[in-house]
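Taking it in order: structure first as structure tokens, then the write-up.
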Amino acid sequence: MSFGSLFPALHRMEEKGWVEAEWRASENNRRAKYYRLTSSGRAQLRAEERDWSQVVKIMTAAVEST
Amino acid sequence: MPGRIASFFRNLLRKRAIEQALDDELKSAVELLAQEKMKQGLSHPEARRQAVIELGGVEQVKEEVRAIRSGMFLETFAQDLRYTLRILRKSPGFTTVAVLTLALGIGANAAIFSYIDAWFIKPLPYPQPDRLVIFETQDKKHGWTSGGVTSAGDFFDFQKQNTLFEQTVAWGGASLNLTGDGLPELVDGGRVSWNFFDTLGAKPILGRTFTAEDDRSGAPHVAILSQGLWQGRYAGDPKIIGRNIAIGGEAYTVVGVMPGTFQLPLMGIANLWTPLALTDMQRADRGNVWLPAFGRLKPVVTLEQARAETATFFAHLEKEFPKTNTNLTWLVSSMTDRIRKEEGGPEVMICFIVVGLVLLIACANVANLMLARATSRTREFAVRGALGATRRRLAGQLLTESLLLFLVGGVASLLFASWGMRWIESQIPGHIRGYIVNYGHVELDFSMLMFTLGITLLCGLVFGFAPAFENSRLDVNHTLKETSGQTSGSKRGARLRRIFVAAEIALAVVVLISATLLVKSFIISVRSSPGYNPANVLVAQLALPKTKYTEDSQFRNFSDEVLSRIRALPGAASTSVASHVPFGGFGQGIEFQVVGKPLQPGERQGAPFTAVSADYFSTMQIGLVKGRFFDSSDAYGTSPSIIISQTMARQLLSGEDPIGKKLRLGEQHSVGTIVGIVNDIKIYYLRERPGRHIYVPLAQCPSRTFGFVVRSSGDPTIMATAIRDAIWAVDRDQPISSVEPLKNLIAVVNTGDRVVADLMVFFSVLAMFLGAIGIYGVMAHLVSQRIHEIGIRMALGASPVHVMRMVLSQGLKLALGGVGAGVLAALGATRLLATQLYQVTPTDPLTFIGVPLLLAIVALAACYVPAWRGMRVDPLVALRYE
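In order, the protein sequences belong to chains A and B. Numbering-wise, the first sequence is residues 255 to 320 according to the numbering used here. Numbering-wise, the second sequence is residues 747 to 1628 according to the numbering used here.
Okay, here's the thing in structure tokens:
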């Protein structure tokens, strides 16, 4: 995953309301945009983690049964 | 979801701020990344450069982020639209050709569709038209149907005893003599039962419709006029209701006027209606099957229920009246189906399919044009790609381009469509209109506009995808480094174009073969001999009114006097008269039995029947096969003589000599002797198969109706006036229905075939023209792509002729591929035409060889110019060509 593909992903999540952004001063006093997970974003993340572990379980079972 | 909606509006309204924010964000990201790299020891410019590379290009990332935004679609679309308009305006040649091609293709389809709509889709203009059904007598055993009529006895009994019909109506076409208030005029109209108009839901614009009291024999005479007749002959008289007019010499009171839009297509043109008013004897007559009838089903009754009730009723009648009703029943069919079937349904369908194929050819041409243009724009796309345009974006813009082209073409097509519609309508002669739904009038209405919009969008999407797909798929780097000409993208595009052109040629072959078969049928049917010679023959038709002429001697005197007057005219080479003439619009039939060959009980036998003057056959030039024509020995009072047609002789008396045999004719069972056999003639359609015909001498069998036939050498219009004057000299008040060349009468009946043939010729020319342009375009492009290669070949010693041959052979291969595919497709497709063809097989070898040959030649000719240009290439110029 390149650095560049991060930006569209972040903006997509921002549109959906899963992350919030704010401009803050960075270490060397430049303005930078900081992203933070919102509560609905956290819920989404948990849901996706659940789905992912489900997939892992199924795949493991499949592999073990062969 | 609410988050998305909020973002949508935010993006639209605060665009500049958002762009600025994105710019800032990326700038700061690059800076941060650069800072980290500098910590690893790189210089600032090098660190920045590496940071940008790692990011993946600032503009590219910006584009990707922009693509994510909600509401981007609208913005993109608006942008694409503006860009497209600019581009199309910049290449007016391409735009004009594309739009014109589409306008022709879509316009032709829309015009034919308007007829499909009027014929098949629109319901009849009566309230609840699906409740209307037609009754006709059918012989179950022998499988013949009466052609839309029944007997009065059967009808009136059914009317009294049925339970499933709201209304039942009987009617008859009539030609009514109008005198007084101007020249005597024969007006087409109808005698109808009193509920005729009410059942059809027709409301008068003045006065009333008929009542049950009007419809009784002996009731005071009343009449209803059409709007056209009222405004014409009676000059729109405001006091028309209650006015007396003279019909057939008797006084009728006008009680109503029907609007000009009212029409029953089965009745044809009708301008005047009177009540049927049958006598009790006529109502009880079960033997003669002559009365057209229809009915309106009660609201919840189905057609099946009606058919069941009818079947039982007629089974009952069969038992009660075995002499007249054995084997007979009623065929009950939907009026909508009957009207659609009668009036050229299959022909319209064929035209629709053929014109659809032409549209495909046109679209393929436009797609090819777009592909060609796109290959010259690969550099433009590569640059846009480098600037960050996603593939989807590029494809979207190309699709917008095609859609816009197609939409403009679609709008322009409406002009061609209305021209087409007007032309077709102008080809339909006056009295035929009456039999065509809505008088053959079609308009640019909502459904037609929807259809045009629909196929425009459909074709735009389908054919727009090809260039969009092809040209968005680019390797930006590769393309920018290539010299134009042999770009890899153009190679793929060229293959697609070749496929399109081959497909076009195949479709053109199918169109041309189908059209040729149909036109061939038409020409054969027109050229086929009708059994007589219609050239230079004028026909004057009239009917003597019952009130003035009651005795046979009066009929005879009238016709004798008119004949002698016409014979005295200088131009009249040969004159005779018959009770009715071929293609005159009506005929008579008579029942007969061969003496010595009795029929089974309940079986009946009939044939068309004409009473003719002695010299009729020589005037018409009908050939004698055996025996003799009528002559002076067949006078009034002597035993009747009969002449029959050859087919009738073959069918009934094969193996025997018909001359001398006796026939029992008609209700009176008068016995006549066969004295001659003549060639078969055509009386209703050019494509009819030869059938039976019985002729009797007019002297022995007087008729009230006459068709005077005059073979003249002079100017037909002058003769027509002279003939009219001759008739009026005998009876000043005799209305004459028409004086026309026999050829015109035949042509009028043949209108449908003629219009289809004309359309087919037009479609073929269009298809061939478009196909030729298609091939030319592809070959020209191919040559220009290979200019470099040609230059090399010529520098290496290839002669110009060699180059030309190379180009031509490539074009020929393409054309032959398309032609081959087309012939195969046509072999399957022409089966569908079988019912429309006349003496031409669906796989007519001459057509299947001739058409491909023609198209191959045309294709070759289209390749010639590009090949010639290729030949003229100067190798020095070509080698430097980039």
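Ideal Cβ placement from N, Cα and C applies to all residues, glycine included.
CA-CA distance, residue 1276(B) and residue 1366(B)?
Here the question's residue 1276(B) lines up with position 530 in the second sequence. Here the question's residue 1366(B) lines up with position 620 in the second sequence. Residue 1276(B) and residue 1366(B): Cα-Cα distance of roughly 11 Å.
Chain-ordered neighbours of residue 300(A) on chain B, where CB pairs are closer than 7 Å:
Within the first sequence, residue 300(A) is the residue found at index 46, counting from 1. Those within 7 Å of residue 300(A) in chain B number zero; the least Cβ separation is about 18 Å.
Measuring alpha carbon to alpha carbon, tell me which of 1494(B), 820(B), 780(B) ends up nearest residue 1172(B).
For the purposes of this step, residue 1172(B) is taken as the residue at position 426 of the second sequence. Ranking 1494(B), 820(B), 780(B) by Cα distance to residue 1172(B) puts 1494(B) first.
Could you pull the start and end residues of the alpha helix (DSSP H) that residue 1287(B) belongs to?
Residue mapping note: residue 1287(B) aligns to position 541 of the second sequence, counting from 1. First-last for residue 1287(B): 1283 to 1289, but that is the beta strand (DSSP E), not the alpha helix (DSSP H).
Just list the residues that DSSP pairs residue 1356(B) with in beta bridges.
Along the second sequence, one-based indexing puts residue 1356(B) at 610. 1441(B).
What are the residues that DSSP puts in a beta bridge with residue 881(B)?
Position 135 of the second sequence, counted from the first residue, corresponds to residue 881(B). In the DSSP output, where bridge partners are listed per residue, residue 881(B) has 1039(B), 1078(B).
From the DSSP output, read off the bridge partner residues of residue 916(B).
For the purposes of this step, residue 916(B) is taken as residue 170 along the second sequence, with counting starting at 1. DSSP output for residue 916(B) lists 1039(B) as bridge partner(s).
Per DSSP, the bridge partner or partners of residue 1453(B)
Locating residue 1453(B) in the second sequence gives position 707, where the first residue counts as 1. 1287(B), 1324(B).
Verify the CB distance criterion: does residue 1257(B) have a CB-CB separation below 7 Å to chain A?
Against the second sequence, residue 1257(B) aligns to sequence position 511. No, its Cβ sits nowhere closer than 7 Å to a Cβ of chain A.
My output table needs one value for residue 969(B): the three-state DSSP class, helix, strand or coil.
Counting from one through the second sequence, the residue named residue 969(B) turns up at place 223. Reduced to three states, the DSSP call for residue 969(B) is strand.
Whose Cβ in chain B lies nearer than 8 Å to the Cβ of residue 285(A)?
The residue given as residue 285(A) occupies position 31 in the first sequence. Those are 770, 774, listed as they occur along chain B.
Quick check on residue 1071(B): does DSSP put it in helix, strand or coil?
For the purposes of this step, residue 1071(B) is taken as the residue at position 325 of the second sequence. Reduced to three states, the DSSP call for residue 1071(B) is helix.
Interface residues of chain D around residue 810(B) at Cβ under 8 Å?
Going by chain labels, chain D is absent from the structure shown, which instead holds the protein chains A and B.
Could you pull the start and end residues of the alpha helix (DSSP H) that residue 791(B) belongs to?
Translated into the one-based positions of the second sequence, residue 791(B) becomes position 45. First-last of the alpha helix (DSSP H) with residue 791(B): 790 to 801.
Bridge partner(s) assigned by DSSP for residue 1487(B)
For the purposes of this step, residue 1487(B) is taken as residue 741 along the second sequence, with counting starting at 1. 1284(B).
With the cut-off set at 7 Å, would you say residue 1134(B) and residue 821(B) are in Cβ contact?
Translated into the one-based positions of the second sequence, residue 1134(B) becomes position 388. Translated into the one-based positions of the second sequence, residue 821(B) becomes position 75. Cβ distance not < 7 Å, so residue 1134(B) and residue 821(B) don't count as in contact.
Reducing DSSP to helix, strand and coil, say where residue 276(A) ends up.
Position 22 of the first sequence holds residue 276(A). DSSP places residue 276(A) in strand when its eight states are reduced to three.
Got a sec: which bits of the region 775 to 808 of chain B sit with their beta carbon under 8 Å from any beta carbon on chain A, in order along the chain?
775, 777, 778, 779, 781, 800, 801, 802, 803, 806, 807
State the start and end residues of the unbroken beta strand (DSSP E) segment that holds residue 1372(B).
Along the second sequence, read from residue 1 onward, the residue named residue 1372(B) stands at position 626. Residues 1370 to 1373.
Buried or exposed for residue 1522(B), going by 16 or more other Cβ atoms inside 10 Å?
Numbered from 1 along the second sequence, position 776 holds the residue referred to as residue 1522(B). By the C-beta density criterion, residue 1522(B) is buried, having at least 16 other C-beta atoms within 10 angstroms.
Just to confirm my understanding: we take residue 1510(B), look at its own chain, exclude 5 residues before and 5 after, and list those with CB closer than 7 Å. What are they?
Reading the second sequence from its first residue, position 764 is the one you call residue 1510(B). Around residue 1510(B): 1257, 1258, 1261.
Would you say residue 1323(B) and residue 1305(B) are within 7 Å of each other, going by their C-beta atoms?
Mapped onto the second sequence, residue 1323(B) falls at position 577. Mapped onto the second sequence, residue 1305(B) falls at position 559. Against a cut-off of 7 Å, the Cβ pair of residue 1305(B) and residue 1323(B) comes out as a contact.
Whole angstroms is fine: what's the gap from residue 1008(B)'s alpha carbon to residue 983(B)'s?
Counted from its first residue, the second sequence places residue 1008(B) at position 262. Counted from its first residue, the second sequence places residue 983(B) at position 237. C-alpha separation (whole angstroms): 20 Å.
Would you say residue 304(A) reaches chain B, if we count a Cβ-Cβ gap shorter than 7 Å as a contact?
For the purposes of this step, residue 304(A) is taken as the residue at position 50 of the first sequence. No - not a single Cβ of chain B is within 7 Å of the one on residue 304(A).
If you follow the beta strand (DSSP E) that residue 1021(B) is in, where does it begin and where does it stop?
As a first step, residue 1021(B) must be located in the second sequence, where it is residue number 275. Per DSSP, residue 1021(B) belongs to the beta strand (DSSP E) from 1018 to 1021.
Which one or two residues does DSSP pair with residue 910(B) in a beta bridge?
As a working mapping, residue 910(B) is identified with position 164 in the second sequence. According to DSSP, residue pairing for residue 910(B) in a beta bridge does not occur.
Please classify residue 854(B) as buried or exposed, where buried requires at least 16 neighbouring CB atoms within 10 angstroms.
Counting from 1 along the second sequence, the entry for residue 854(B) is found at position 108. So residue 854(B) ends up on the buried side.
So, for residue 904(B): in the same chain, excluding its five sequence neighbours on each side, which residues have a beta-carbon less than 7 Å away from its beta-carbon?
Your numbering for residue 904(B) matches position 158 in the second sequence. If you ignore the 5 residues before and after residue 904(B), its C-beta comes within less than 7 Å of the C-beta of 914, 1059, all in its own chain and listed in chain order.
At which residues does the beta strand (DSSP E) containing residue 1391(B) begin and terminate?
As a working note, residue 1391(B) is residue 645 in the second sequence. Its beta strand (DSSP E) spans residues 1387 to 1391.
Out of 1433(B), 1110(B), 1477(B), state which residue places its alpha-carbon closest to the alpha-carbon of residue 1291(B).
Numbered from 1 along the second sequence, position 545 holds the residue referred to as residue 1291(B). The residue with the shortest Cα to Cα distance from residue 1291(B) is 1477(B).
What residues in its chain sit with their C-beta under 7 Å from that of residue 1458(B), if we drop five residues either side in the sequence?
Here residue 1458(B) is taken as the residue at index 712 of the second sequence, counted from 1. Taken in chain order, the residues that qualify are 1282, 1284, 1317, 1318, 1319, 1465.
So who's on the other strand from residue 934(B), going by DSSP bridges?
To locate residue 934(B), count along the second sequence from 1; it is residue 188. Note: residue 934(B) sits in a beta bridge opposite 921(B).
By DSSP, does residue 1405(B) sit in helix, in strand, or in coil?
Your numbering for residue 1405(B) matches position 659 in the second sequence. If DSSP states are grouped into helix, strand and coil, residue 1405(B) belongs with coil.
Locate the alpha helix (DSSP H) running through residue 852(B), then write down its first and last residues.
Translated into the one-based positions of the second sequence, residue 852(B) becomes position 106. Bounds of the alpha helix (DSSP H) holding residue 852(B) are 838 to 862.
If I measure Cβ to Cβ from residue 1250(B) and keep anything under 6 Å in the same chain, skipping five residues before and after, which residues do I get?
Start at 1 with the first residue of the second sequence, and residue 1250(B) comes out as number 504. Contacts found: 1107, 1110, 1517, 1520.
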